[in-house]
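Working notes, structure below.
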Amino acid sequence: MAGSVAPGLPLLSVLLVLAAADPPPAGERSARGQAGGDWRVLPAEVWQSPLYTVTPEGGSTNITCSVHVNGTLLGVHLRQGHLPKTRKVTYYDGASAPTVDERFQGRVLFSGPTDRLTITVRRLRPEDTGTYFCEAIMEEGKGWGAGTTVVVTDTLSPAANACPGTQLADFTFPVALALGCLLVVLGLAATCVLRRRQTGFPLQIRNMCLARDRSMTCVIYEDMSCSRQNTISIPHHNQ
């Protein structure tokens, strides 16, 4: 038997439902005798799959009932609950119209022959969570499958369904764009300040030289150190 669990969904609810269910072993058959009222084992096998499944609300699940009997198979019930107290969900015999409990009206589909019947339950609701058993009805009695545990989870919001990588990209792109704009503004500001200093220094030298006697020599010494600060030297008249 195989089970399927949706990734990222909690497994605790699956374990709780499995612990509550008490099905007979797969393939076990029982029937009440005609006279003595004793229970006896029948030559029949009822296999059921999957063992468990986790499905979001509004989804669907398939339960397959495979029956092998030496006698006559009359039909297959799908029941919900805990043995021996169960509630009927569907009944299918392949000859007459299937019967479906009012809780599942319009939500059940059947496919395949009676001895390999697949029952599809659609538009699942949280109250559909539980264990479902295949019950084979024979002339000699009945047999049970091991059960399928169905857990219906709440519908995930679009934000929760989003890929974490997509969410990270949506967050980092605006931040990178803002940082880029900030760097451009700082670069423009630094360029403006530098050009202003470069254009203002010759004007300052010219005004200083004009204020002095024109006969005086105005010499500019350029500092070749790392700071590269230009200095103005005005010689005295006695030089």
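So the sequence shown is residues -21 to -1, 1 to 218, counted in mature numbering (1 follows the signal peptide of the UniProt record, and there is no 0). For every residue, glycine included, the Cβ atom is placed at its ideal position computed from N, Cα and C. Quantities reported herein were computed from a predicted structural model and do not represent experimental measurements.
Rounded to the nearest angstrom, the gap between the Cα atoms of N41 and T93 is 15 Å. The beta carbon of E36 is closer than 8 Å to those of L103, R104, P105, V131, T132, D133, T134 in its chain, skipping five residues each way along the sequence.
For A115, the enclosing beta strand (DSSP E) has its first and last residue at 109 to 117. Within the segment 47 to 87, the runs of beta strand (DSSP E) at least 3 residues long that lie entirely inside it are, in chain order, 52 to 61, 64 to 71. Assignment of P153 by DSSP, reduced to helix, strand and coil, places it in the helix class. V68 and T51 have their alpha carbons spaced roughly 22 Å apart.
When only Cα atoms are considered, H56 and P153 end up about 58 Å apart. Going by DSSP, L96 is part of the beta strand (DSSP E) stretching over 95 to 100. Under the DSSP assignment, T34 falls in the beta strand (DSSP E) whose first and last residues are 31 to 35.
Here DSSP, grouped into helix, strand and coil, assigns G122 to strand.
In this chain, the beta strand (DSSP E) harbouring T132 covers 127 to 132. By the criterion of a C-beta distance shorter than 7 Å, Y70 is surrounded in its chain by G54, H56, P77, T78, once the five residues flanking it on both sides are discounted.
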